[in-house]
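Q:
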Amino acid sequence: MTDPDEPQANRLESMALALIFAAISLLLLALIGVATRTGQASGGWWTRPAFAPGIALALLVAANLVTLWRDAADLRAHPATAEEWADARAKVLGWLRPAEFLAYYAAYIWAIQHLGYFPATLVFVLGLLWRVGLRAARWIWAGIGLSLFMIAVFRAGLGVWMPAPGLYDLFPDGIRLALMRWF
Numbered sequence: 001m002t003d004p005d006e007p008q009a010n011r012l013e014s015m016a017l018a019l020i021f022a023a024i025s026l027l028l029l030a031l032i033g034v035a036t037r038t039g040q041a042s043g044g045w046w047t048r049p050a051f052a053p054g055i056a057l058a059l060l061v062a063a064n065l066v067t068l069w070r071d072a073a074d075l076r077a078h079p080a081t082a083e084e085w086a087d088a089r090a091k092v093l094g095w096l097r098p099a100e101f102l103a104y105y106a107a108y109i110w111a112i113q114h115l116g117y118f119p120a121t122l123v124f125v126l127g128l129l130w131r132v133g134l135r136a137a138r139w140i141w142a143g144i145g146l147s148l149f150m151i152a153v154f155r156a157g158l159g160v161w162m163p164a165p166g167l168y169d170l171f172p173d174g175i176r177l178a179l180m181r182w183f
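Structure below.
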């Protein structure tokens, strides 16, 4: 039984999800020959590497297509209102918000190779704090402390080694060696 206080799902958002899942499952089914070995298994046709995943993906494609067909039939029978379209558009665009933070992480990984572990970590942590609105001095100091703590844990505690970036070559030998060892 559904809760009357619970907001109803947007039909257009559900259809968008069904379309995405159907496309992904169909793509995976189409690529199954590339993803599995094609050699003959010794036990028979049912022991081939693509058999069980192929059955599972075929069922997934069928279920997604049935869901997509039912959603389309519902929308044909009861067309969406302008309010539903606006709500669905806002929700689907909301799905892209995590991609922003994925881009920040990709930039962080790139920066580790070019700036070094400590400067990249410091910029990443402080940038995330700034992005989420934590701009007070105590949060900036907390970010600096967290970056130093992470350096201590990974470098001194765990002994994780990262290749030195070209930026470290700009420093004199003694400083360069210290940077390579600790930062």
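Numbering (UniProt numbering), first residue to last: 1 to 183. Heads up, the beta-carbon is just placed ideally off N, CA and C, and yes, glycines get one too.
1) Rounded to a whole number of angstroms, what is the C-alpha to C-alpha distance between VAL61 and ALA52?
2) Tell me whether PHE171 is buried or exposed, calling it buried when 16 or more other Cβ atoms sit within 10 Å of its Cβ.
3) State yes or no: is the beta carbon of ALA22 nearer than 9 angstroms to at least one beta carbon in chain D?
4) Cutting at 6 angstroms between CB atoms, please list the residues of its own chain near LEU179, excluding the five before and the five after it.
5) I need the straight-line Cα distance from PRO79 to PRO98, nearest angstrom please.
6) Quick one: measure Cβ to Cβ for GLU13 and ALA72, integer angstroms, because I've assumed they're closer than 8 angstroms.
7) Along the chain, which unbroken stretches of the alpha helix (DSSP H) at least 4 residues long are found entirely within the UniProt domain "DUF1468" (17–163)?
8) Whole angstroms are fine: how far does the CA of ASN10 sit from the CA of ALA86?
9) Can you tell me whether THR81 is buried or exposed? The criterion is at least 16 other CB atoms within 10 Å of its CB, across all chains shown.
A: Put simply:
1) C-alpha separation (whole angstroms): 14 angstroms.
2) So PHE171 ends up on the exposed side.
3) The structure shown has no chain D; it contains just one protein chain.
4) The residues are TYR168.
5) 30 angstroms
6) Their Cβ separation, rounded to whole angstroms, is 14 angstroms, which puts GLU13 and ALA72 out of contact at 8 angstroms.
7) 32–35, 51–77, 82–94, 97–115, 117–131 and 137–151
8) Spanning the alpha carbons of ALA86 and ASN10 requires a straight line of approximately 10 angstroms.
9) That one is exposed.
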